[in-house]
Amino acid sequence: MIPVLSYRLMQAVLVALMVGVLTFVLTQALPGDMAFRIAAGRYGYDHVNAAAAAAVQAELGLGLPAWQALGQWLWDLLRLDLGNSLVSGDPVIEELRHQLGHSFTLAVAAVGLSLLLGPPLGLLAGLRPGGRLDRLTLVLATVLRALPQFVIGILLVMLLAVQLGWLPAAGHGTAAHTLLPALTLALGLAAVACRVSRNAMQGVADSAYYAFGRTKGLSEGRVFMRHGLRNVAVPVLAHQAMQLVYLIEGVVVVETLFAWPGIGHALVHAIVARDVPMIQGTALVLGLMFVLLNALVDLLCHRIDPRRREV
Amino acid sequence: MLQPRSILLGAGLLAVTAVSHATEGVLDIVAPWEIGSTDPAKAGYVYTRLQISETLVEVDDRGQPEAGLAESWTLSEDRLTWRFRLRPGVQFHDGSPLTAEVAVQALNLALAKPGMLSQAPVAAIAAEGNEVVVRLRSPFAPLPALLAHSSVQILAPASYNEAGEATQVIGTGPYRIEQLQMPQKLTAGVFQDYWGEAPAIERLSYLAAGRGETRALMAESGDADVVFTLDPASRARLQRNAKLAVQAVAIPRTVTLKVNAGHPFLAEPEARRALSLALERTGMAVALLRTPEAGAGQLFPPSMTDWHLSQVSGAERDLQQAKALLAGLGWQANDKGMLSRNGTPFKLTLTTFSDRPELPLLATAIQDQWRELGVELAVNVANSSEIPAGHRDGTLELGLMARNFALVPDPLGTLLQDFGPNGGDWGAMNWHSERLGEILQQLLTATQDQDTAALRREAATILHEQLPVIPVAWYQQTAAVSRQVEGFSMDPFERSYRVSDMRWAQ
């Protein structure tokens, strides 16, 4: 357990450094005048002019050489200070706290929904490989994984909000508002979880120990609970970790579509407005989330994998 | 054991239990503009549009100044001192009274920031009794219009921090903020001690949704009562929806091509005329904007009656004449029809941005239309700030943008910015007209009773003939409104959503 965690901790430090340096270099390499960009973000394009850009330049001291600006950011990071947004002027950490909460709610709801939808269907399909349900879920999973989240989102809104009137089309604030964006993300995740659990179930069901469970007279349910569930859960969980990229990418798209005030939405806006501290802050948080979630999955797998426990 | 049917049933039930619609009794407004700040200089328009904060001066539908927090005003004989008499008995949402000192503080803070008020030659702003006195260094006729701008809204002293930034919005409007979740959401309720008539709708919510598809779907699903800025495709669909009324109003905003008249290919007026003649404006208006009447043959739309030239058309395409004009300037077509002069091909780069989604579409249509003329156009879709930045460093060749001539309700404010002696970041580039400069100065110093219509027409004619910017299309602001709402009207100057005039249908 300790080696796992210390490895992840080292990874977190490396991620922080790389994200900070990379986002900084990339934003510096982008074309266009930074002061004008920030002024556009602050005042709206009708009011961007040389005077506004000059005011921004003077206020923020954008003339600092690049290496000094980067050094300053790293030094501030060591003191856990992410600086202030160049557009709103508020501390980045406060904006992130607000946005991260919203994204976290969305991500947790999406993962939860995907686990409710994907693995149960996968398990049923895995028990009867080649059956009707297996073929149906294969088609569904392929289609859902192939469709961009943006399209899934629009289709869901058209069906569940416009046609049936069951859910609000967009916005945030109530539990009902969370369902559609979460479902949009969940369907893609569930598609993979369904196929992985189906394959795992098939493997387990074909194994000698599973057959032995049956021969000793356990009911189908009992044999699944006692010999199947834990073995199936390990690959499913491991794949959930691999799907984090899909989840975090999806959050960016889905938040914009559903007017959801999360971190993905903030990142897109920060890039457009060339709000460097905000870009660095959001990228850093996203990077660290990756490490943290991977660490959690490692721990979970470590805990439930019967083979490791025996070792 | 779980059965597939029960799983699907469960998912369905989950959805059914979450039935939700536009909240009863709350007017839900959805628009693309985010609430980036509480400071009037940055995102002040959100608060004036939602009638949370107010300005000293209001304007009517024709752009004429009328009483706001100032009930009347006078101008001294030398036209250098304006006195605004405050409406008595006005309270801020925190219960503090509106006094001349408080208004002066707000105006001075606005003056110190980039924004509209800094355009005026203000020498000093002071409080005298119940009056706000603005002293100018030189006469400036559009001052009342400037004071109607959202960046000059009057907030209570408690709104500002020590640095003069507004950290909360304590206004005087009929609605007060209940909850503000930047950058996307705001809810407000009626302010009981409002000085004017009490609104019929007691609560409102505002949501910023950046994507046009999202906004249209919110209107269709009934989640929103009023949705602003519809993309052309959605607009056609929403018009067929019986539960919605789609409204459109011409606003004084024009899609224009900003031309670098210092560029060797674009310096002659004939070259700019040829490029203008080669535009298929009606086709773009019909196919891309879905508003046939939007094709702009001149800079100012018909709604700007004082500036619109009623005798002039200019929207028709005339490719032959365009080719003839360029041939007269020495441009010769090769066997593929592409032009060159002294061995140099007619190649230009057009910079535009996607904040307004139709701009890149129009840019590609222009690219195609000019190819028929023999001009090779590269389209660069960048950030909006590339246009003023390119103006400043001289690298811009052509910019496609949507210019608002009513940033303050008097277009003179915008025209002074755009066509001054050095051009303007969003206006002329390397082009100047002595006569136009004189006219704008005369209009600036004119008194209210002087007849200035002839001067305005002359200014419009100069711009129409010289084409320092080439007009492409006139803008229409659109909204989809639920049939459950009555009394909706759109402000052509985009200053207010007029929620206090609306009521629920019985």
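Those protein sequence lines, which keep their order, are chains A and B.
Just so you know, we're using the working numbering here: the first sequence kicks off at 13 and counts up by one.
Just so you know, we're using the working numbering here: the second sequence kicks off at 54 and counts up by one.
C-beta atoms are modelled at their ideal positions from N, C-alpha and C, and glycine is treated no differently.
One finds N457, L460 in chain B with Cβ atoms closer than 7 Å to the Cβ of A:D58, taken in chain order.
Taking a Cβ-Cβ cut-off of 7 Å, the neighbours of A:T268 in chain B comprise G263, R264, given in sequence order. Residue pairing from DSSP places B:N313 in a beta bridge opposite B:M482.
Put simply, the CB of A:S219 is far from chain B, with every gap to its CB atoms at 8 Å or more. Across the structure, B:E231 and B:E321 are spaced so that their CA atoms are roughly 57 Å apart. Of all residues in the stretch 155-167 of chain A, only I166 come within less than 7 Å of chain B when Cβ atoms are compared, listed by chain position.
One thing to note: A:L90 has its Cβ no nearer than 8 Å to the Cβ of A:I105. Contact check for B:L508 and B:L496: beta-carbon distance about 6 Å, within the 8 Å limit, so the pair qualifies. Under DSSP, B:G348 takes part in a beta bridge, and its partners are B:A526. A distance below 6 Å between beta-carbons, with the five flanking residues on each side excluded, links B:Q420 to the following residues of its chain, in chain order: L430, V432. Among the CB atoms of chain B, none fall inside 8 Å of the CB of A:F36. Judged by DSSP secondary structure, B:Y228 falls outside any alpha helix (DSSP H) and instead within the beta strand (DSSP E) spanning 228-234. Distance from the CA of A:V235 to the CA of A:Y222, rounded to the nearest whole angstrom, comes to 7 Å. Of all residues in the stretch 50-79 of chain A, the ones placed with a Cβ closer than 9 Å to any Cβ belonging to chain B are I50, A51, A52, G53, R54, Y55, G56, Y57, D58, H59, V60, N61, A62, A63, A64, A65, A66, A67, V68, in chain order. When Cβ pairs closer than 8 Å are counted between the two stretches, the stretch 468-481 of chain B is seen not to touch the stretch 319-334 of chain B, the count staying below three. Residue burial is scored here from C-beta neighbours: B:P355 has fewer than 16 other C-beta atoms within 10 angstroms and is therefore classed as exposed. With a cutoff of 8 Å on beta-carbon distance, B:V534 and B:A298 are scored as near each other. Interface annotation, A:V284: in contact with chain B, CB-CB separation under 8 Å. Exclusion of the five residues before and after B:P410 leaves G265, D284 as the residues of its chain whose Cβ lies within less than 7 Å of its Cβ. The count of Cβ pairs closer than 8 Å, one atom from the stretch 277-284 of chain A and one from the stretch 252-261 of chain A, stays below three, leaving the stretches out of contact.
For B:V112, the closest alpha carbon among the candidates B:I82, B:A94, B:S203 is that of B:S203.
With a beta-carbon spacing of about 49 Å, A:G134 and A:R54 fall beyond the 8 Å limit used to define contacts. Residues of chain A whose Cβ lies closer than 7 Å to the Cβ of B:S90 are, in chain order, S100.
Closest in alpha carbon position to B:A163, among B:T152, B:S149, B:A347, B:I178, is B:I178.
Per DSSP, reduced to three states, the secondary structure at A:W272 is coil, with no helix or strand assignment. With the criterion set as a beta carbon lying under 9 Å from some beta carbon of chain A, the members of the stretch 167-180 of chain B are P167, G168, M169, S171, in sequence order.
For B:Q234, at least one C-beta of chain A is nearer than 8 Å to its own C-beta. Within the stretch 242-300 of chain B, the complete beta strand (DSSP E) segments at least 3 residues long are 256-261, 279-281, listed from N- to C-terminus.
Nearest to A:A158 by C-alpha distance, out of A:I291, A:L201, A:P132, A:S126, is A:L201. Chain-ordered, the chain A residues with CB closer than 7 Å to the CB of B:M271 read A181, A182. Under the three-pair Cβ rule at 8 Å, the stretch 361-380 of chain B does not count as touching the stretch 293-312 of chain B. In this structure, A:T196 sits near A:G165, with a CB-CB distance shorter than 8 Å. Counting C-beta atoms within 10 angstroms of its own C-beta, A:D45 has 16 or more neighbours from the protein chains shown and is therefore classed as buried.
According to DSSP, residue pairing for B:F137 in a beta bridge involves B:W126, B:V185. B:W557 has B:V538 as its beta-bridge partners, per DSSP. For B:R394, no CB of chain A lies under 8 Å from its own CB, so it is not counted at the interface with that chain.
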